[in-house]
Structures are given as structure tokens and as C-alpha cells.
Amino acid sequence: MRVLWYDCIFCFATGLAAPAIAAGLGALAPTLGTLIPVIGASGFAAAASVAGSVAGSVAVAASFGAAGAGLTGTKMARRTGSVDEFEFKATGENHNQGRLAVEILVSGFVFEEEDFVKPWEGQHDNLERYALQWESKNLIAVSTAIQDWLTSRVAMELMKQGAMLTVLSTLLTALAWPAALFAATDFIDSKWTIAVDRSDKAGKLLAEVLIKGLQGQRPVTLVGFSLGARVIFKCLQFLAETEHNAELVERVVLLGAPIAIKDENWEAARKVVAGRFVNAYSTNDWMLGVAFRASLLTKGLSGIQPIDVPGIENVDVTQLIEGHSSYLWATQQILEQLELDSYYPVFSSTLIKP
Numbered sequence: 035m036r037v038l039w040y041d042c043i044f045c046f047a048t049g050l051a052a053p054a055i056a057a058g059l060g061a062l063a064p065t066l067g068t069l070i071p072v073i074g075a076s077g078f079a080a081a082a083s084v085a086g087s088v089a090g091s092v093a094v095a096a097s098f099g100a101a102g103a104g105l106t107g108t109k110m111a112r113r114t115g116s117v118d119e120f121e122f123k124a125t126g127e128n129h130n131q132g133r134l135a136v137e138i139l140v141s142g143f144v145f146e147e148e149d150f151v152k153p154w155e156g157q158h159d160n161l162e163r164y165a166l167q168w169e170s171k172n173l174i175a176v177s178t179a180i181q182d183w184l185t186s187r188v189a190m191e192l193m194k195q196g197a198m199l200t201v202l203s204t205l206l207t208a209l210a211w212p213a214a215l216f217a218a219t220d221f222i223d224s225k226w227t228i229a230v231d232r233s234d235k236a237g238k239l240l241a242e243v244l245i246k247g248l249q250g251q252r253p254v255t256l257v258g259f260s261l262g263a264r265v266i267f268k269c270l271q272f273l274a275e276t277e278h279n280a281e282l283v284e285r286v287v288l289l290g291a292p293i294a295i296k297d298e299n300w301e302a303a304r305k306v307v308a309g310r311f312v313n314a315y316s317t318n319d320w321m322l323g324v325a326f327r328a329s330l331l332t333k334g335l336s337g338i339q340p341i342d343v344p345g346i347e348n349v350d351v352t353q354l355i356e357g358h359s360s361y362l363w364a365t366q367q368i369l370e371q372l373e374l375d376s377y378y379p380v381f382s383s384t385l386i387k388p
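Quick note: the sequence shown uses the numbering used here, first residue 35, plus one each step.
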């Protein structure tokens with residue numbers, strides 16, 4: 035049996051280093067015992083046994099800088115840049131097991147505090163996973179306002195008239211908005227503007243957390259939907275402006291992101307991501323287009339259309355997303371089809387219902 039250097043690198047990246055090291059030590063115990071008689075074959079065999087255990091995993095992880103990671107202890111002690119809430123919640127079963135990779139999950143369209151965690155539950159991977167709870171008051175306010183508008187008499191009438199069918203094409207071609215639609219959504223603007231501002235500032239806070247190394251010296255995967263995706267994008271932009279811009283983030287997935295395509299430096303954001311960078315969009319997510327209309331117009335919107343930037347994978351999730359709130363329960367299915375944990379993922383530009 036041979037444990038090659040690139041096998042070890044793959045194991046490190048996916049959080050499986052300890053079992054691989056255990057197997058390698060066990061196979062090489064006789065040879066190593068001969069070369070280093072002070073330890074002996076039995077000593078290396080014992081080391082293999084320890085490395086394969088949970089305690090061994092923790093020990094191996096500690097040697098790679100995972101020990102002392104403080105994400106769950108990261109909570110704002112004071113108001114920072116208008117952001118009142120910024121806290122990591124441990125999720126999944128891979129904590130205190132010496133995992134060598136971290137995943138940070140960011141919700142951005144929520145109706146209750148549980149929605150910061152629920153969309154990410156039940157995911158099975160080898161990563162140590164954390165959900166970021168941020169600005170819940172503002173996010174719940176804007177999500178509720180949008181939902182209330184959707185169920186209002188005015189919105190229902192506009193949908194009956196087919197006005198919504200032309201919303202996205204109107205946004206992307208800078209045509210005049212239907213007057214009734216413009217007036218009906220006006221009350222969402224103030225809440226949306228505040229939420230966008232807070233997401234940009236939360237993105238900077240996330241970047242500062244990564245730069246400080248509170249996740250340990252481990253590769254990080256960032257996944258977010260709606261305004262949570264914007265938090266991640268702004269985090270990447272901030273990292274691109276610092277000297278710590280090439281060794282922190284391994285993979286990124288943006289779902290239904292309210293981010294303009296033009297006037298945003300997507301190339302710089304892409305450069306700070308070592309691995310896959312996925313933009314998942316839905317062409318029928320007109321609610322996202324309506325909420326973001328003030329600054330969109332001809333600038334494009336990544337949550338409803340592909341991005342023409344080298345190195346960014348565009349994945350059409352229209353068949354899985356009936357409306358913007360669908361990301362609350364469809365995220366797991368999307369991530370499964372993206373095959374993020376596959377060493378050689380099968381890329382598909384369109385995801386479909388199974």
C-alpha cells in the first residue's frame with residue numbers, strides 16, 4: 035500500500051486526513067520500525083491506531099492549526115458598523131472531531147431565527163459546519179414585508195394581469211416599469227435598502243473573522259443564499275483588498291444572490307477562491323428582481339442570470355426554485371446536485387427536479 039502526497043492533500047482538504055495517515059502508518063509500520071529502531075514496528079502500529087481514532091483526528095488536526103478554533107465563540111460584544119448581530123451557530127455532527135476543513139453557511143431570507151440554521155440541517159459531509167446568524171431583526175423585517183406584499187390584493191391583481199411575466203425582461207432591458215407595480219413595491223424599498231447595507235457590512239466582518247484565523251488554519255467553504263450570498267461576495271471583495279487574499283477560501287456557492295453583474299469586481303472576488311466558485315440563479319425569481327430594482331436596471335443581477343467571468347460556474351436552478359423563498363427548503367437539494375464533495379465533480383449548467 036502506498037500513501038502518495040496528493041492522496042494526503044486530498045484527505046486534508048476533505049477532513050479525512052487522520053484515517054489516511056492511520057492507514058499509511060499501519061502499512062508502513064514494519065519498514066519504519068526497521069529504519070527507526072528506537073520506536074520499532076509496534077510503536078508505529080500503535081500510532082496508526084491512535085491516528086485512526088477521534089482523539090487521533092483531533093491530534094492530527096491540531097498539527098494543521100485546527101485546534102483552538104473559535105467560531106462558536108465569535109459573537110459581537112458591541113455594535114460594529116451599524117451591525118447589531120453577528121454570531122456563529124455550530125450545526126451538524128462533525129464538531130470536536132478534528133475536521134480539517136470548515137464550512138460557513140449564510141441564510142439571507144428568513145422569517146424566524148430558526149431559518150438561519152434549518153436550511154442547512156441534514157447535510158452529510160466531512161466538514162465542520164457553522165451557520166452565521168446576522169441582523170435577524172432587519173432580515174425578518176424585509177422578508178416579511180416581501181411576503182406580505184406577495185399576498186396583498188394589489189400583487190394578486192398584478193399577477194392576474196400578467197404584469198409579473200414582463201418584470202425580469204423589463205429589468206434587463208431598461209424599459210419603463212408598470213406604474214402600478216412601481217407604486218405597489220415602494221414600501222419594500224426602505225427595509226430592503228437597510229438589509230443590503232447591513233449585508234455589505236456583515237461581509238466585511240466575515241472577512242475579518244477569516245483573516246484573524248478564528249476558523250483555525252483550515253480551508254473554508256462559503257455557501258449562502260439571497261442576502262447571505264451578498265454577505266459572502268462582499269467578504270471576498272474585502273479579502274481581495276488585503277494581503278490575505280489567496281490562502282483562506284477554498285470554495286464558494288452563491289444562491290439567488292442580489293448582486294449587480296456590472297459595476298462589481300467579480301474578477302477580484304474569483305481570484306481569492308482557490309477552488310470552485312458557483313453562481314446559482316433562477317430566471318423566474320422575479321421577486322428578487324423587484325426588490326433589487328432600484329440599483330439594477332441595466333446592470334444585470336447574478337441571482338436571475340449567468341455571469342460571464344472566467345472561473346465562475348453558472349448553474350440554472352430555475353426548475354428547483356418556484357420563488358425566492360424556495361431557497362429556504364431547496365438549498366440542500368441544490369448542494370447535493372452540485373457535488374461539492376466530489377474530487378472530480380460532474381458539472382451541469384442546469385439542475386432539475388429528481
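We treat Cβ as the ideally placed atom computed from N, Cα and C, and that holds for glycine.
TODO: Can you give me the start and stop residues for the alpha helix (DSSP H) that Phe242 sits inside?
DONE: A quick correction: the sequence has Glu, not Phe, at residue 242. Start and end: 223–246.
Open item on the list: Using DSSP's beta-bridge definition, name the partner residues of Val144.
Closed with: Val144 pairs with nothing; no bridge assigned.
- [ ] Report yes if the CB atom of Leu256 is closer than 8 Å to the CB atom of Val306, and no otherwise.
- [x] The answer is no: Cβ separation not under 8 Å.
Open item on the list: Just verifying my parser: in three-state terms, what is the DSSP assignment at Arg163?
Closed with: Of the three classes helix, strand and coil, the one that applies to Arg163 here is strand, per DSSP.
Task: For Trp168, the residue or residues it bridges with in DSSP - done: In the DSSP output, where bridge partners are listed per residue, Trp168 has Phe120.
Task: Option in Tyr164, Glu284, Ile295, Phe326 with minimal Cα separation from Val151 - done: Nearest C-alpha to Val151: Tyr164.
Open item on the list: Given the structure, does Phe267 come close to the ligand SAM, in the sense that its CB is under 7 Å from one of the ligand's heavy atoms?
Closed with: What this structure holds is no ligand at all, so the ligand SAM is not there to describe.
- [ ] May I ask you to verify whether the region 221–236 touches the region 161–176, counting CB pairs closer than 8 Å and requiring at least 3?
- [x] Yes: at least three Cβ pairs fall under 8 Å.
- [ ] Give the DSSP-derived three-state secondary structure of Ile138 in the structure shown.
- [x] For Ile138, the three-state secondary structure derived from DSSP is strand.
TODO: Reducing DSSP to helix, strand and coil, say where Asp350 ends up.
DONE: The answer is strand: DSSP assigns Asp350 an E or B state.
Open item on the list: Is the beta carbon of Leu289 closer than 8 Å to that of Ala314?
Closed with: Cβ distance < 8 Å, so Ala314 and Leu289 count as in contact.
- [ ] Taking all protein chains shown into account, decide if Leu342 is buried (16 or more other Cβ within 10 angstroms of its Cβ) or exposed.
- [x] Note on identity: in this sequence residue 342 is Asp, with Leu being the wrong assignment. Exposed, because fewer than 16 other Cβ atoms sit within 10 Å of the Cβ of Asp342.
- [ ] Would you identify the three-state DSSP class for Phe18, choosing helix, strand or coil?
- [x] Outside the displayed span of the chain (35 to 388) sits residue 18, for which this structure offers no information.
- [ ] Kindly identify the DSSP beta-bridge partner or partners of Leu322.
- [x] Answer is none; Leu322 lacks a bridge partner.
Open item on the list: For a quick check, are the C-beta atoms of Ala303 and Leu270 less than 8 Å apart?
Closed with: Against a cut-off of 8 Å, the Cβ pair of Leu270 and Ala303 comes out as a contact.
Open item on the list: Could you check whether Pro292 and Phe326 sit closer than 8 Å to each other, using their CB atoms as the reference points?
Closed with: Cβ distance < 8 Å, so Phe326 and Pro292 count as in contact.
Open item on the list: Per the DSSP calculation, Arg285 is bridged to which residue(s)?
Closed with: Listed as beta-bridge partners of Arg285 by DSSP are Thr255.
- [ ] Just grab the DSSP bridge partners of Thr384 for me.
- [x] In DSSP, Thr384 forms a bridge with Asp350.
Task: Continuous alpha helix (DSSP H) stretch holding Ala364: start and end - done: Here the alpha helix (DSSP H) through Ala364 covers 361–372.
TODO: Using the DSSP secondary-structure output, state which residues sit across from Ala294 in a beta bridge.
DONE: When DSSP reads this structure, Ala294 sits in a beta bridge with Leu335.
Open item on the list: Assuming the contact rule is C-beta atoms closer than 8 Å, Val140 and Val312 should be a hit. Round their C-beta distance to whole Å, please.
Closed with: Incorrect: roughly 14 Å between the Cβ atoms, too far for contact.
Open item on the list: Let me check understanding here. Comparing Cα to Cα, which of Gln366, Asn299, Thr227, Lys333 lies closest to Ile180?
Closed with: Minimum Cα-Cα distance from Ile180 among the listed residues Gln366, Asn299, Thr227, Lys333 corresponds to Thr227.
- [ ] Tell me, please, which residues DSSP counts as bridged to Thr125.
- [x] Thr125 is bridged to Arg163.
- [ ] Keeping to the same chain, check which residues put their C-beta closer than 7 Å to that of Gln367; ignore five residues upstream and five downstream.
- [x] Leaving aside the five residues that flank Gln367 on each side, the residues in its chain whose CB is nearer than 7 Å to its CB run, in chain order, Leu354.
Task: Glu162 versus Pro253, Val324, Ser359, Glu347, residue with shortest Cα-Cα distance - done: For the residues Pro253, Val324, Ser359, Glu347, the minimum Cα distance to Glu162 belongs to Pro253.
Task: Three-state secondary structure assigned by DSSP to Ala308 - done: The DSSP-derived three-state label of Ala308 is coil.
Task: Cβ-based burial, Asp319 [other Cβ within 10 Å; buried from 16] - done: Taking all protein chains in view, the Cβ of Asp319 is crowded by 16 or more other Cβ atoms within 10 Å, so the residue is classified as buried.
TODO: Tell me Ala314's beta-bridge partners as DSSP assigns them.
DONE: In the DSSP output, where bridge partners are listed per residue, Ala314 has Leu289, Val349.
Task: Closest by C-alpha distance to Phe145, when choosing among Leu173, Ile138, Glu119, Pro344 - done: Of the candidates Leu173, Ile138, Glu119, Pro344, the residue whose Cα lies closest to the Cα of Phe145 is Leu173.
Task: Integer Cβ distance of Ser177 from Phe143, believed to fall under 8 Å - done: Yes, they are in contact, since the Cβ atoms of Ser177 and Phe143 sit about 5 Å apart, within 8 Å.
TODO: Under 8 Å by Cβ, that's how I've got Leu335 and Gly323 pegged, so tell me the actual separation to the nearest angstrom.
DONE: Your pair Leu335 and Gly323 checks out as a contact, with CB atoms roughly 6 Å apart and the cut at 8 Å.
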